[in-house]
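Peer 1: No gaps in the numbering here: position 80 of the sequence shown is 79 in numbering that gives the first Met the number 0, and each next residue is one more.
Every residue, glycine too, gets a C-beta built ideally from N, C-alpha and C.
The structure is given below, and queries will be raised subsequently.
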Amino acid sequence: MASIVEGREVSALLDELTTMVGREDPYGHYTRLRELGPVLRDADGTLIVTRFTECQSVSRDHKLGKMPVELLPHLGLADWAEHPALYGYFTSLLGINPPDHTRLRRLVSSGFTVRRVQELRPATTRMIDEMIEAMAAAGTADFVSVFAFPLPCNVISELLGVPEADRAQFQHLVQDWSAVLDEITPEVLLKADPAAQAVRDYLAGLAAERRRHPRGDLMSAMVEHEEAGDRLTGDELLTMAGLLFAAGFETTTNLLSNGLAALLDHPGQRDALLADPAAAVEELLRFDSPVQNIDRTVLEPSTVAGVTLEPGQRIVAYTGAANRDPRRFTDPDRLDLGRTDNASLSFGGGIHYCLGAPMARLEAQIAFPRLLERLPGLRRVEGAERRDSLTIRGFDTLPVNTD
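Structural data, given as structure tokens:
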């Protein structure tokens with residue numbers, strides 16, 4: 000039976016991960032945390048797991064879930080519902096538990112089946128080719144702004160029915176909103192609230208338009224569910240649409256930028272990528288995951304690594320650390336695009352497994368081979384800036400040259 004490890008070293012390592020230096024390259028910190036023990040405790044009482052087996056267990060345990068809103072007043076968030084950024088999170092699929100989670104996920108899951116996603120392949124390929132041509136013409140460009148953001152934004156917009164002319168505004172809005180995943184402070188909410196409200200207001204207008212003129216997009220399908228009565232309320236429709244739109248490109252943007260940076264830093268991996276893009280994308284996801292941790296609250300008594308978990312306890316699984324666990328992966332700090340045993344925790348697990356995972360995989364599996372084949376001289380140039388985020392790992396800017 001494992002015991003909980005706590006103390007100055009644990010807290011110091013976790014504190015360092017909240018700094019830009021720690022976030023720039025967290026993997027050395029993860030190694031030290033994994034070595035300390037399977038279950039750690041931070042100074043605030045939060046339990047931490049960083050090894051693959053324990054992280055996988057936390058992600059799949061139905062006795063662990065999202066923090067019930069009834070507990071939020073105990074965290075000083077009694078007014079959470081008055082903050083659009085918090086309301087949009089705590090009432091969405093990201094923040095709710097069964098049975099509401101089960102009902103809402105079932106209503107939208109048909110939009111993300113493998114068959115439905117594969118129907119987007121021709122349009123996705125066309126978008127990728129157009130963006131690559133634009134990059135080639137520019138010579139030097141910021142990969143995030145010209146490719147990694149617009150591609151998934153355009154794909155999820157095609158699915159939802161967001162017109163092309165309206166899409167560019169959402170990158171900074173979603174980044175400001177998603178900051179609440181790292182910390183909830185007055186300073187964060189000052190930006191996150193208006194951003195979340197702007198996204199919600201836009202989608203309310205789009206939903207109203209689809210009520211008048213339905214089309215074959217996912218927004219029209221959700222409006223139909225709403226009008227059917229007891230399956231989806233108007234409030235749930237807007238919350239769901241906001242989540243799908245934000246999550247639909249936030250994770251994939253960072254998969255594309257992290258993945259390209261890794262490819263350009265390891266040029267000897269090109270042939271392996273071209274030989275099996277699907278396996279290569281799984282390895283890129285494992286090597287530098289766009290989502291680094293998941294947060295759970297104990298809903299019913301449970302255990303992890305022999306440690307008893309009591310209701311109300313908070314536990315954070317560092318899936319980015321689990322993906323580099325030598326107990327699970329051979330030579331885990333080495334990028335090996337020929338690796339076949341590379342099933343990671345980058346999309347989570349259990350009932351909260353990422354709904355958009357098939358779409359993210361499709362975009363990356365098409366994009367990376369076409370980028371390397373069409374732009375054989377593609378290389379990084381100075382000026383890259385990592386996002387200031389512990390949960391979402393990616394780049395704000397990733398300058399590249401195509402010559």
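F346 to L236, Cα distance in whole Å?
Peer 2: The sequence position of residue 346 within the sequence shown is 347, counting from 1. The sequence position of residue 236 within the sequence shown is 237, counting from 1. Taking the straight line from one Cα to the other gives about 24 Å.
Peer 1: Which whole-angstrom value is the C-beta distance of A84 and A194, which I expect to be below 8 Å?
Peer 2: Taking the sequence shown and counting its residues from 1, one reaches residue 84 at position 85. Taking the sequence shown and counting its residues from 1, one reaches residue 194 at position 195. About 7 Å separates the two Cβ atoms, so the contact holds.
Peer 1: Is DSSP giving N253 helix, strand or coil here?
Peer 2: Counting from one through the sequence shown, the residue named residue 253 turns up at place 254. Secondary structure at N253: helix, using DSSP grouped into helix, strand and coil.
Peer 1: Taking K65 as the reference, which of L46, L93 and L74 has the closest Cα?
Peer 2: On the sequence shown, residue 65 is found 66 positions in, with the first residue counted as 1. Ranking L46, L93 and L74 by CA distance to the CA of K65 puts L93 first.
Peer 1: May I ask which residues mark the beginning and end of the alpha helix (DSSP H) holding I3?
Peer 2: In the sequence shown, the residue the question calls residue 3 occupies position 4. From DSSP, I3 is part of no alpha helix (DSSP H); its letter is neither H nor E.
Peer 1: Whole angstroms is fine: what's the gap from R104's alpha carbon to R379's?
Peer 2: Counted from its first residue, the sequence shown places residue 104 at position 105. Counted from its first residue, the sequence shown places residue 379 at position 380. Roughly 39 Å separates the two Cα atoms.
Peer 1: Starting from A206, trace the beta strand (DSSP E) both ways and give me its first and last residue.
Peer 2: Here the question's residue 206 lines up with position 207 in the sequence shown. Looking at the DSSP string, A206 is not in any beta strand (DSSP E); the run it does join, the alpha helix (DSSP H), is P185 to R211.
Peer 1: Going by alpha carbons, who is nearest to L254 out of A356, V179, I314 and Q312?
Peer 2: Translated into positions along the sequence shown, residue 254 becomes position 255. Comparing Cα-Cα distances from L254 to each of A356, V179, I314 and Q312, the minimum goes to A356.
Peer 1: Could you spell out where the beta strand (DSSP E) holding R313 opens and where it closes?
Peer 2: Along the sequence shown, one-based indexing puts residue 313 at 314. Element bounds for R313: R313 to A316.
Peer 1: Give the single residue among V113, F51, P213 and L13 whose Cα lies nearest to the Cα of P407.
Peer 2: With the chain covering only 0 through 402, there is no way to say anything about residue 407.
Peer 1: Considering Cα atoms alone, identify which of R295, E208 and L32 is closest to K62.
Peer 2: Within the sequence shown, the letter at position 63 stands for residue 62. That would be R295, whose Cα lies nearest to the Cα of K62.
Peer 1: Check for me: the beta strand (DSSP E) holding N153 runs from which residue to which?
Peer 2: Residue mapping note: residue 153 aligns to position 154 of the sequence shown, counting from 1. N153 -> not in any beta strand (DSSP E); alpha helix (DSSP H) instead, spanning P149 to L159.
Peer 1: Spatial neighbours of M221 within its chain, please: CB distance less than 6 Å, with the 5 preceding and 5 following residues excluded, ordered by chain position.
Peer 2: As a working mapping, residue 221 is identified with position 222 in the sequence shown. Result list for M221: L236, in chain order.
Peer 1: Using the three-state DSSP reduction, which class does E182 fall into: helix, strand or coil?
Peer 2: In the sequence shown, residue 182 corresponds to position 183, counting from 1. Coil, per DSSP.
Peer 1: Quick one: give me the first and last residue of the alpha helix (DSSP H) that P368 is part of.
Peer 2: Position 369 of the sequence shown holds residue 368. P368 -> alpha helix (DSSP H) spans A356 to R373.
Peer 1: Given that a residue counts as buried once 16 or more other Cβ atoms are within 10 Å of its Cβ, and exposed if not, what is D14?
Peer 2: Locating residue 14 in the sequence shown gives position 15, counting from the first residue. Exposed, by the Cβ-count rule.
Peer 1: Out of E132, A140, R115 and I47, which has the shortest C-alpha to C-alpha gap to T396?
Peer 2: Mapped onto the sequence shown, residue 396 falls at position 397. Nearest option by C-alpha distance: A140.
Peer 1: In terms of residues, what are the limits of the beta strand (DSSP E) holding I293?
Peer 2: The residue you call residue 293 lines up with position 294 of the sequence shown. Note, I293: beta strand (DSSP E), I293 to V297.
Peer 1: Would you mind working out which of R22, I3, T18 and T17 sits nearest F394, comparing C-alpha positions?
Peer 2: Along the sequence shown, read from residue 1 onward, the residue named residue 394 stands at position 395. The residue among R22, I3, T18 and T17 with its C-alpha nearest the C-alpha of F394 is R22.
Peer 1: By DSSP's criteria, V143 is part of a beta bridge. Which residues make up the other side?
Peer 2: Counting from one through the sequence shown, the residue named residue 143 turns up at place 144. Answer by DSSP bridge pairing: none, since V143 is not bridged.
Peer 1: If F244 sits next to L272, beta carbons under 8 Å apart, how far is it from one beta carbon to the other, in whole angstroms?
Peer 2: Within the sequence shown, residue 244 is the residue found at index 245, counting from 1. Within the sequence shown, residue 272 is the residue found at index 273, counting from 1. Contact doesn't hold; Cβ gap of about 30 Å is too wide.
Peer 1: In terms of residue numbering, what span does the alpha helix (DSSP H) encompassing P98 cover?
Peer 2: The sequence position of residue 98 within the sequence shown is 99, counting from 1. Unbroken run through P98: none, as it is neither H nor E.
Peer 1: State yes or no: is the beta carbon of D128 nearer than 9 Å to at least one beta carbon in chain D?
Peer 2: This model lacks chain D altogether, as it is built from one protein chain only.
Peer 1: Assign D324 to one of two classes, buried (16 or more other C-beta atoms within 10 Å of its C-beta) or exposed (fewer than that).
Peer 2: Along the sequence shown, read from residue 1 onward, the residue named residue 324 stands at position 325. Answer is buried; the Cβ neighbour count reaches 16.
Peer 1: Go through its chain and collect everything with a Cβ distance to D216's Cβ below 7 Å, but skip five positions before and after it.
Peer 2: As a position in the sequence shown, residue 216 is number 217, starting the count at 1. So the qualifying residues of the chain are L158, L159 and G160.
Peer 1: Just to confirm, are F146 and A366 a CB contact at a threshold of 9 Å?
Peer 2: Looking up residue 146 in the sequence shown gives position 147. Looking up residue 366 in the sequence shown gives position 367. It is a contact, given that the beta carbons lie within the stated cut-off.
Peer 1: Can you tell me which of the three DSSP states D395 falls into?
Peer 2: The residue labelled residue 395 in the question sits at position 396 within the sequence shown. In the structure shown, D395 sits in a strand (DSSP, three-state: E or B).
Peer 1: Just mark E372 as buried or exposed, buried being the case when its beta carbon has 16 or more other beta carbons within 10 Å.
Peer 2: On the sequence shown, position 373 is the one that residue 372 refers to. Exposed is the call here.
Peer 1: When you compare the CB positions of V409 and F169, do they come within less than 9 Å of one another, or not?
Peer 2: Shown here, the chain extends from 0 to 402; a query on residue 409 therefore has no answer.
Peer 1: How far does the beta strand (DSSP E) with S301 in it reach, from first residue to last?
Peer 2: Here residue 301 refers to the residue found at position 302 of the sequence shown. Run containing S301: S301 to V303, per the beta strand (DSSP E) assignment.
Peer 1: Using the Cβ count rule (16 or more neighbours within 10 Å means buried), how would you classify L180?
Peer 2: Taking the sequence shown and counting its residues from 1, the one referred to as residue 180 is at position 181. By the 10 Å Cβ count, L180 comes out buried.
Peer 1: Are the CB atoms of E53 and V303 within a distance shorter than 9 Å?
Peer 2: Residue 303 sits at position 304 when you count from the first residue of the sequence shown. Residue 53 sits at position 54 when you count from the first residue of the sequence shown. Yes, the Cβ-Cβ distance between V303 and E53 is below 9 Å.
Peer 1: To the nearest angstrom, how far is the alpha carbon of L231 from that of G110?
Peer 2: In the sequence shown, the residue the question calls residue 231 occupies position 232. In the sequence shown, the residue the question calls residue 110 occupies position 111. Answer to the nearest angstrom: the Cα atoms are 15 Å apart.
Peer 1: Pull up the distance between the alpha-carbon of L119 and that of E362, whole angstroms please.
Peer 2: By one-based count along the sequence shown, residue 119 stands at place 120. By one-based count along the sequence shown, residue 362 stands at place 363. If I take the Cα positions, the gap works out to 9 Å.
Peer 1: Nearest by alpha-carbon distance to V113: which of P162, L242, R360 and D264 is it?
Peer 2: As a first step, residue 113 is located in the sequence shown; it is residue number 114 there, counting from the start. For the residues P162, L242, R360 and D264, the minimum Cα distance to V113 belongs to R360.
Peer 1: Based on the DSSP secondary-structure assignment, which residues constitute the bridge partners of N400?
Peer 2: Within the sequence shown, residue 400 is the residue found at index 401, counting from 1. Beta-bridge pairing links N400 to T139 and R378.
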